[in-house]
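For reference, the structure is listed below as structure tokens.
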Amino acid sequence: MEFRFTEAQKRLRKEVSEFCEEPRTQEILKELEAEGELYNAHSWELYKKMAKRGWLGMQWPKEYGGQGLSFEETAIFNETTAYYRIPMMGYALTSIIGNALIHFGSEEHKKEYVSRMAAGEILFCLLYSEANAGSDLASMQTRAVEDEGDYVINGTKIFTSLGHISHYGFLAARTDPDVPKHKGISLFIVPMDTPGISINPMLTMGEGRVNEIAFEDVRVPQKNMVGEKNKGWRLLNKALAVERSGLGFVAGAQRGFEDILNYVREKGLGKDPVIRQKLARLATEIEVAHLLAWRVVSLQSKGLVPDSEASMSKLYGTELIQRVANTGMEIMGLSGLLKGNSKWAPLEGKMESAYRSSRFVTIAAGTSEIMRLIISFRGLGLMPAYMM
């Protein structure tokens, strides 16, 4: 794996960094931060500015609004925006679903949706998890039944990020209940204003919002199915492997670590041997996480699907985010519990917010326990007991 960046890639990182440092960008961040957690926030202003620069779907083919760039350029963009704490949930969803449509969607899907996603005109949400089928996603019970040229959908999805502002949903539903659970799933594009859809907020520990989305006799045309009927599990897993590359988590951990380091220097705590050991350990772990994440990018750039490798990166990166937040709180003591609206809060309350938000990242997009199962099964060839 080659770690040297080209001159063009260095220019891209500089351009993205300058965008993130612009006064208006920083104003928007403060506005969103005042409203609550940044992780699940979305700014249409920033989103459209990114689209205008061609940053949405950078690696997509040019005929669908992309730039035809490599996974490396996309990774640089993801890493840089994460370091500057730009809210990128909308971009992440666009990337996951756009990639899925490019690889598995019909030509009509690509022309109708992908180009509009690249232009920043529409937003998708992921309709995967259910109350009894989050980590064990294949146990989903939402049904899609054929009826007179349509599919009629009934069921409930939960933990849906940006579902309340999205134009479309990318839905996984059971289309055959009489086959093994991994073989009866299909994927659909669902307009979120379709009659029969109700959206209810779910507030997270980090003060952000996800949603419960209920479907009652929701009708979508057959042409909205993505890929083959009953073969959506493979497509779904490929989409999740892209989501789990982990670079955003590493960049977030790096920024949090730098904040703690600056605090330690300011307060003159650098001579404490316990604090020095804690920081040295984090610095080493960040380097490990960085290597794991860029390994995933390297595999993607070769056209490979990094199932176990992406899970390794996601597992290590998200748990590292928690270790950084935990260490920051330990060093700051009781004052670290103060929120950003207190003048006494260290680092303007960023570590307190990070501590709460870090609980979410080891659950979203696959829990740490499921990541370990994927690594053991797909990476090490160890069959789980329940599948024997």
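For what it's worth, the numbering used here labels the leading residue of the sequence shown as 323, then goes sequentially.
Each residue gets a CB set at the ideal place from its N, CA and C atoms; glycine is no exception.
*So, is Asn-533 buried or exposed, given that buried needs 16 or more other C-beta atoms within 10 angstroms?*
On the sequence shown, residue 533 is found 211 positions in, with the first residue counted as 1. It is buried - the Cβ of Asn-533 has at least 16 other Cβ atoms within 10 Å.
_If I measure Cβ to Cβ from Gly-549 and keep anything under 7 angstroms in the same chain, skipping five residues before and after, which residues do I get?_
Here residue 549 refers to the residue found at position 227 when the sequence shown is read from its first residue. Cβ within range, chain order: Phe-426, Leu-509, Leu-557.
*Is the beta carbon of Val-619 less than 7 angstroms from the beta carbon of Phe-393?*
Stepping through the sequence shown from its first residue, residue 619 is reached at position 297. Stepping through the sequence shown from its first residue, residue 393 is reached at position 71. Yes, Cβ-Cβ distance for Val-619 and Phe-393 is below 7 angstroms.
*Within the same chain, show all residues whose beta-carbon is closer than 8 angstroms to that of Leu-583, passing over the 5 residues directly before and after it, in chain order.*
Position 261 of the sequence shown, counting from 1, holds the residue named residue 583. The residues are Leu-601.
*Buried versus exposed call for Thr-526 [16 or more other C-beta atoms within 10 Å across all chains shown]*: Start at 1 with the first residue of the sequence shown, and residue 526 comes out as number 204. With 16 or more Cβ atoms within 10 Å of its Cβ, Thr-526 is classed as buried.
*Out of Gln-576, Ile-653, Lys-624, Ile-535, point me to the one whose CA is closest to Val-596's CA.*
Here residue 596 refers to the residue found at position 274 of the sequence shown. Out of Gln-576, Ile-653, Lys-624, Ile-535, Ile-653 has the C-alpha closest to the C-alpha of Val-596.
*CA-to-CA distance, Met-634 to Val-683, given in whole angstroms*: Taking the first residue of the sequence shown as position 1, residue 683 is located at position 361. Taking the first residue of the sequence shown as position 1, residue 634 is located at position 312. Roughly 14 angstroms separates the two Cα atoms.
*Taking the CB atoms as reference points, tell me whether Met-494 and Ile-480 lie closer together than 7 angstroms.*
As a working note, residue 494 is residue 172 in the sequence shown. As a working note, residue 480 is residue 158 in the sequence shown. It is worth fixing the name first, because residue 494 is Ala in this sequence and not Met. No.
*From Gln-331 to Ile-398, what distance separates their C-alpha atoms?*
Taking the sequence shown and counting its residues from 1, the one referred to as residue 331 is at position 9. Taking the sequence shown and counting its residues from 1, the one referred to as residue 398 is at position 76. Whole-angstrom Cα-Cα distance: 8 angstroms.
*Which partner residues of Arg-556 appear in the DSSP bridge assignment?*
Along the sequence shown, one-based indexing puts residue 556 at 234. Looking at the DSSP output, Arg-556 sits in no beta bridge, so it has no partner there.
*Among residues of its own chain, excluding the 5 on either side of Lys-661, which ones have a beta-carbon nearer than 7 angstroms to its beta-carbon?*
Working through the sequence shown from its first residue, we reach residue 661 at position 339. Result list for Lys-661: Ala-667, Gly-671, Glu-674, in chain order.
*In this structure, does DSSP put Ser-457 in helix, strand or coil?*
The sequence position of residue 457 within the sequence shown is 135, counting from 1. Here Ser-457 sits in coil by DSSP.
*Quick one, which of His-489, Gly-650, Gly-568 has its alpha-carbon nearest Gly-688's?*
By one-based count along the sequence shown, residue 688 stands at place 366. Comparing alpha carbon positions, the residue from His-489, Gly-650, Gly-568 closest to Gly-688 is Gly-568.
*Who pairs with Ala-536 in a beta bridge, going by DSSP?*
Start at 1 with the first residue of the sequence shown, and residue 536 comes out as number 214. Answer is Thr-478, Ser-520.
_Any contact between the segment 572-583 and the segment 396-411? By contact I mean 3 or more CB pairs, one from each, below 8 angstroms._
Yes: at least three Cβ pairs fall under 8 angstroms.
*Could you tell me whether the segment 644-651 touches the segment 533-547, using the rule of 3 or more Cβ pairs below 8 angstroms?*
no
*Within the same chain, show all residues whose beta-carbon is closer than 7 angstroms to that of Thr-277, passing over the 5 residues directly before and after it, in chain order.*
Lying before the first or after the last residue shown, residue 277 is absent from the chain, which here runs from 323 to 710.
*asked:* Which residue marks the beginning of the beta strand (DSSP E) containing Arg-496, and which one marks its end?
replied: One-based indexing of the sequence shown puts residue 496 at position 174. That run of the beta strand (DSSP E) goes 490-496.
*Taking the C-alpha atoms as reference points, what is the distance between Met-710 and Leu-702?*
Translated into positions along the sequence shown, residue 710 becomes position 388. Translated into positions along the sequence shown, residue 702 becomes position 380. Note that Met-710 has pLDDT 44, beneath the 50 cutoff, so the model's placement of it is unreliable and no number is given.
_Alpha-carbon to alpha-carbon, Gly-554 and Phe-492_ = Taking the sequence shown and counting its residues from 1, one reaches residue 492 at position 170. Taking the sequence shown and counting its residues from 1, one reaches residue 554 at position 232. So the alpha carbons of these two residues sit roughly 11 angstroms apart.
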